[in-house]
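These notes are about the structure you will find just below.
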Amino acid sequence: MFAHGKNFLMIGLLALALGASVVHAERLKELASIQGVRNNQLVGYGLVVGLDNSGDQTTQTPFTSQSVLNMLAQMGVNMPMDQIRSIQLKNVAAVMVTANHPPFARPGQTIDVTVSSIGNAKSLRGGTLLMTPLKGADGQIYAMAQGNLVVGGAGASAPGASVQVNHLSAGRIPEGATIERAVPTTLGQGPYVTYELTRVDFDLTRRAVEAINREMGAGVAQAVDGRQFRVIAPENPDARVAFMGRLENIEFSPAPAPAKVVMNPRTGSVVMNQRVEIEACAISHGNLSVVVESEETLITRQTSARLTVDGTNLLNIRAGTNLADVVKALNSLGANPQDLLAILQAMKAAGALRAQLEII
573 MFAHGKNFLM IGLLALALGA SVVHAERLKE LASIQGVRNN QLVGYGLVVG
623 LDNSGDQTTQ TPFTSQSVLN MLAQMGVNMP MDQIRSIQLK NVAAVMVTAN
673 HPPFARPGQT IDVTVSSIGN AKSLRGGTLL MTPLKGADGQ IYAMAQGNLV
723 VGGAGASAPG ASVQVNHLSA GRIPEGATIE RAVPTTLGQG PYVTYELTRV
773 DFDLTRRAVE AINREMGAGV AQAVDGRQFR VIAPENPDAR VAFMGRLENI
823 EFSPAPAPAK VVMNPRTGSV VMNQRVEIEA CAISHGNLSV VVESEETLIT
873 RQTSARLTVD GTNLLNIRAG TNLADVVKAL NSLGANPQDL LAILQAMKAA
923 GALRAQLEII
């Protein structure tokens, strides 16, 4: 029974590996968005109160004291500034509040907000955000935020020791802001609605236009450039919404993604897709040396890589060396993220890395 189960598992993994190379059809809504239908960023300055002696030290953050003074004045309480500074309010923190105003949002709807400390507060855990206006890029107020913070981190301290898990100086308020003003959003101009693909790809634009014309009728979609195409939609709002609902569910096979290597130098993460290839090259970086060789015949092509440190042969990779093997070997030699970044950039500049290199 165990042997049969093991064979079945290996067959299943083989089937998954073969199926991974098949390009599946995707819906238009997953590959394109409507031009002009987007989020709008909102930002505001406010105060968080109710902290357990973990707020700003007002002697070092005078803007917190000034904000408290202004708030009390609006409440009818007048106090001199020097008296507020002498009180040392440790349960108040000055914060920036950010949120996204979604498209088609109307007054009365609620959105999530993120609250981040801008002073020296130790923790926002247990705090309450006071009513804070959220403004757009045009300076107009589009939402009002208020509520109790949810902070994912936790911490504890004692004389001479402290421990902290996750981040304590930022938190969220689910549905913490109420929309006060709508952002005008139009679905196209006149008879046309313009779509934008997630990436610039002329082949993907061609496939999308052909799929729409095949499903909705010839001439409905027209390509504009390598990223945009437009469709002829009904001008009646009800009919246009129904038409676009059908449109975004059209399925077609997207063009294969281009070869790309994505690297994060802060974490040392290197991610690449299966289309990445490397050419024969020699690399010298500090005390690391890498030689990638290729031998071609009429029948086969064999590739090997040698890595050395100070002239000592440490690793030999043969038969089908790819970039994943080179990166793995460099990591085994102790190359740090900056070494990997410099080597990959040099390989790209030399033409040995046949892929797009993106640094995030």
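In this note's numbering, the protein residues as written are 573 to 932.
No residue lacks a Cβ here, since even glycine has one placed at the ideal position from N, Cα and C.
Cutoff 8 Å; reference residue i; Cβ partners in own chain excluding five residues on either side
i	result
Arg799	Glu768, Leu769, Arg771, Val772, Asp773 and Thr777
Ala677	Ile683, Ile751, Ala754 and Val755
Ala780	Leu600, Leu603, Ala604, Tyr767, Leu769, Ala793, Phe801 and Phe824
Leu913	Met835, Pro837 and Ile931
Ala709	Asn612 and Gln613
Gly577	Because the pLDDT of Gly577 is 40, which lies under 50, any placement of that residue in the model is unreliable, and the number read from its coordinates should be weighed accordingly. The answer is none, since no qualifying residue turns up.
Thr757	Gly608, Val609, Pro675 and Phe676
Gln681	Thr750 and Ile751
Sub-8 Å separation of residue i and residue j beta-carbons
i	j	result
Val620	Leu740	no
Thr704	Ala666	no
Leu623	Ala693	yes
Thr615	Thr670	Note on residue identity: the sequence assigns Val, not Thr, to residue 615. Result yes, Cβ atoms of Val615 and Thr670 sit closer than 8 Å.
Gly748	Leu701	yes
Ile690	Met668	yes
Pro675	Arg610	yes
Thr631	Leu661	no
Val813	Ile606	no
Glu851	Gly923	yes
Val796	Ile745	no
Ala827	Asp775	yes
Ile784	Leu819	yes
For residue i, the residue or residues it bridges with in DSSP
i	result
Ile683	Ala749
Pro705	Met716
Gly743	Val687
Gln928	Lys832
Glu823	Arg599
Thr700	Val621 and Asn720
Val843	Val834
Contacts around residue i, its chain only, beta-carbon distance under 6 Å, and the 5 residues preceding and following it disregarded
i	result
Arg753	Tyr714
Asn720	Thr700
Gly627	Lys662, Asn663, Val664, Ala665 and Ala693
Arg847	Ala831
Gly789	none
Neighbourhood of residue i by C-beta distance below 7 Å, restricted to the same chain and skipping five residues each side
i	result
Val834	Val843, Glu930 and Ile932
Asn845	Ala829, Ala831 and Lys832
Ala597	Glu823, Phe824 and Ser825
Leu916	Val833, Met835, Leu925 and Leu929
Residue i classed as buried or exposed, judged by whether at least 16 other C-beta atoms fall within 10 angstroms
i	result
Ala805	buried
Ala927	buried
Gly743	buried
Met816	buried
Gly791	exposed
Ser841	exposed
Asn650	exposed
Ser688	exposed
Gly762	exposed
Chain D contact for residue i (CB, 8 Å cutoff)
i	result
Asn663	The structure shown contains no chain D; it holds only a single protein chain.
beta-carbon residue i near the ligand GTP non-hydrogen atom, thresh 7 Å
i	result
Glu782	The ligand GTP is absent from the structure shown, which contains no ligands of any kind.
* Start-end ranges of the beta strand (DSSP E) lying completely within the region 585–650, minimum 3 residues -> 604–606 and 612–621
* Asked: In chain order, which beta strand (DSSP E) runs of at least 3 residues are fully inside the region 772–817?
  -> 793–795 and 800–804
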